[in-house]
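Input: a single structure, listed below in structure tokens.
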Amino acid sequence: MINVSKLKKGIIIDHIEAGHGFEIYKELHLNDIDDVVVLLKNIPSKKMKQKDLIKIETDMQIDMTVLGLIDPNVTINFVKNGELYKKISLTLPKVVNGIMTCKNPRCITQYEDVKEIKFFLVNEDKKQYRCEYCDAYTTFIDEE
Amino acid sequence: MLKGRHLIEPGDFQLNEIESIMQLADNIIADPEGYSLVCKGKLLASLFYEPSTRTRFSFEAAMLRLGGEIIGFDDPNNSSVSKGESLGDTIRTIECYSDIAVIRHPREGTARLVSKFANEMPIINAGDGGHEHPTQTLTDLLTIRKFKGSCDNHVVGVCGDLLFGRTIHSLVKTLSRYQGIRFVFISPTELKMPAHILNQLDPKSYQETTSLDEVINSLDILYMSRVQRERFVSEEEYLRLKNYYILDKKKMKGAKPDMIVMHPLPRVNEIATEVDADPRAVYFAQAKYGMYVRMALIAKLLGVEDRK
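As given, the protein sequences belong to chains A and B, one line each in that order. Sequential numbering from 1 applies to the first sequence in the numbering used here. Sequential numbering from 1001 applies to the second sequence in the numbering used here.
Shown next as structure tokens:
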């Protein structure tokens, strides 16, 4: 088992489904920040058999909506002075604004520069969202 | 209160608001002269980014019959679109000159998008690709009301291309909000009503079949639709399906004496011309009601109906 030193301040994104860690890393643009970031893959877990985990030593704000879309089962732990002071679980957001794009090739948003497109959750199991403009169903992650 | 509102899809209006449009249409039909000046001094922008005959003509005729004027285009190459102008900028500019705008566009969701740029000018969706066509739905509802007394308690047969027909999807979603409506969806297997529409209906409120002959005697309303050539990749497949249902005199013999036949037009082969003389064939009256219901809609959105 690899040991990673205890976080003094920042965020621990835990219980990430194995394989989703890198997706979250990319969507949070963690490559672009100068703070310390650790991505652990395929950690043995009693509850999940295997899980991914991300530690970020930072003061930055996290966009929970993106996390909820990629993996609504993750847990986010907030650390200050080496102590856990807040823990939250995510759910799939009912409304997503400005994060997703419509995949319908006939949707006007494919042709005009539309900044913030709203999507409404229509099917929790399939993680399907409805585009506010064309009503087509879409998912945030292609393979789902 | 409908003044200043947009109509992008039928769900934008409550049933009582739709009813108020129908009542005003009734009043206009009863006294067209009385409403011939209510839009005097008002301008309608008619923005047709793709070809249309009856929808554009019916909107323009509606505005002219209310005493208003029209500006606009029916070919986007004659507007600043050809210079690369965004839809948002086009609408903001048109709002400087017009009181109300009608837009048809080949891309789905366009009317919703442009409505966000219009601060005071009501936007009416006259068709956005295969998505919505709410004024056709209002036309259909007025026709049903005129010939059947009300939009409640009918067995409605919907026949033809149920997969791609935007007018059908809008109508079914809207009629399902009325009391006692039962649908009979009649289509070839390849053109069945899509799941996203069926999911919105009470499963007990509809049945699906491929045979028009077997169900025609149970219908109060038969809504025929055209199989659209442009939706097919294979010409052979189109030719096979386009003549799948042809409503003719023989089939009409099996229908109730007070059943009505509707069609959004244009038709191709799905209704034989011999049916036109049957008093139950109401599709040309339907086209006329399309103008009256648009007159009522324009007057409501501009808040001028009391100028009579």
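Cβ atoms here follow ideal geometry from the backbone N, Cα and C, with glycine treated the same way. Keep in mind it's a predicted model, so treat the numbers as computed, not measured.
Checklist entry - residue 1108/B CB to nearest chain A CB: under 9 Å? => result Residue 1108/B counts as touching chain A.
Item to check | Length at least 3, wholly inside the stretch 1176-1264 of chain B: the beta strand (DSSP E) runs in chain order | outcome: 1182-1186, 1206-1209, 1221-1224 and 1260-1262
Item to check | Residue nearest to residue 44/A in terms of C-alpha spacing, selected from 80/A, 16/A and 66/A | outcome: Here the closest residue by C-alpha is 16/A.
Item to check | Classification of residue 1097/B by the beta-carbon crowding that lies within 10 angstroms, buried from 16 upward | outcome: Answer is exposed; the Cβ neighbour count stays below 16.
Item to check | Under 9 Å by beta carbon: chain B residues contacting residue 112/A | outcome: 1086, 1087, 1088, 1107, 1110 and 1113
Checklist entry - Unbroken alpha helix (DSSP H) runs of length 4 or more, entirely within the stretch 1049-1123 of chain B: which are they? => result 1054-1065, 1087-1097 and 1110-1115
Checklist entry - With burial defined as no fewer than 16 other Cβ atoms inside 10 Å of the residue's Cβ, what is the status of residue 1224/B: buried or exposed? => result buried
Next on the checklist: Excluding the 5 residues flanking residue 1073/B on each side, which residues of the same chain have their C-beta closer than 8 Å to its C-beta?
Outcome noted: Annotation for residue 1073/B: 1046, 1047, 1048 and 1079 place their beta carbon closer than 8 Å to its own, counting only its chain and skipping 5 residues before and after.
Checklist entry - Under three-state DSSP, which class holds residue 1133/B? => result coil
Checklist entry - Less than 8 Å between the CB of residue 1039/B and some heavy atom of the ligand SAH, yes or no? => result Only the bare structure without any ligand can be found here, which leaves the ligand SAH out of the picture.
Checklist entry - With DSSP run on the structure shown, which of helix, strand or coil describes residue 26/A? => result Looking at residue 26/A - three-state DSSP - the assignment turns out to be helix.
Checklist entry - Start and end of the alpha helix (DSSP H) containing residue 1017/B? => result 1015-1030
Next on the checklist: I want to verify the contact list: residues of chain A whose CB lies under 9 Å from the CB of residue 1129/B, in sequence order.
Outcome noted: 106, 107, 108 and 134
Checklist entry - With 9 Å set as the bound, which would you pick, yes or no: does the beta-carbon of residue 1271/B sit closer than that to a beta-carbon of chain A? => result no
Next on the checklist: What does the alpha-carbon distance come out to for the pair residue 1064/B and residue 91/A?
Outcome noted: Rounded to the nearest angstrom, the two C-alpha atoms are 54 Å apart.
Checklist entry - Helix, strand or coil: which one does DSSP assign to residue 1288/B? => result helix
Next on the checklist: Quick check on DSSP: helix, strand or coil for residue 144/A?
Outcome noted: For residue 144/A, the predicted structure reports a pLDDT of 41, less than 50, and the residue's modelled location is therefore unreliable. A value from the coordinates is still provided. Here residue 144/A sits in coil by DSSP.
Next on the checklist: Closest to residue 110/A by C-alpha separation, out of 1122/B, 1173/B, 1118/B and 1087/B, would be which residue?
Outcome noted: Residue 110/A has its Cα closest to that of 1087/B, out of 1122/B, 1173/B, 1118/B and 1087/B.
Next on the checklist: Between which two residues does the alpha helix (DSSP H) holding residue 66/A run?
Outcome noted: 64-70
Checklist entry - Alpha carbon to alpha carbon, what distance is there between residue 1260/B and residue 1171/B? => result 16 Å
Item to check | Neighbourhood of residue 1229/B by C-beta, 6 Å cutoff - its chain only, sequence neighbours within 5 removed | outcome: Cβ within range, chain order: 1238.
Item to check | Expected contact under 8 Å - CB spacing of residue 1126/B and residue 1103/B to nearest Å | outcome: Rounded to the nearest angstrom, the Cβ distance from residue 1126/B to residue 1103/B is 6 Å, consistent with a contact under 8 Å.
Checklist entry - With a cut-off of 9 Å, does the C-beta of residue 137/A fall near any C-beta of chain B? => result yes
Next on the checklist: Output needed for residue 1155/B: all residues of its chain with C-beta closer than 7 Å, excluding positions within five of it in sequence on either side, in chain order.
Outcome noted: 1182, 1184, 1218, 1219 and 1220
Checklist entry - With a cut-off of 9 Å, does the C-beta of residue 1196/B fall near any C-beta of chain A? => result yes
Checklist entry - Considering only residues of the stretch 68-137 of chain A, which uninterrupted beta strand (DSSP E) runs meet the minimum length of 3 residues and lie entirely inside it, listed in chain order? => result 75-80, 83-89, 95-97, 118-123 and 128-131
Next on the checklist: Cutting at 7 Å between CB atoms, please list the residues of its own chain near residue 65/A, excluding the five before and the five after it.
Outcome noted: Taken in chain order, the residues that qualify are 93, 96 and 99.
Item to check | Span separating the alpha-carbon of residue 1257/B from that of residue 118/A | outcome: 49 Å
Checklist entry - Hey, out of 1273/B, 1107/B and 1160/B, whose CA is closest to residue 1050/B's CA? => result Residue 1107/B is the option with its Cα nearest to residue 1050/B.
Item to check | Own chain, CB closer than 7 Å to residue 1028/B, minus 5 neighbours either side, in chain order | outcome: 1035, 1292, 1295 and 1296
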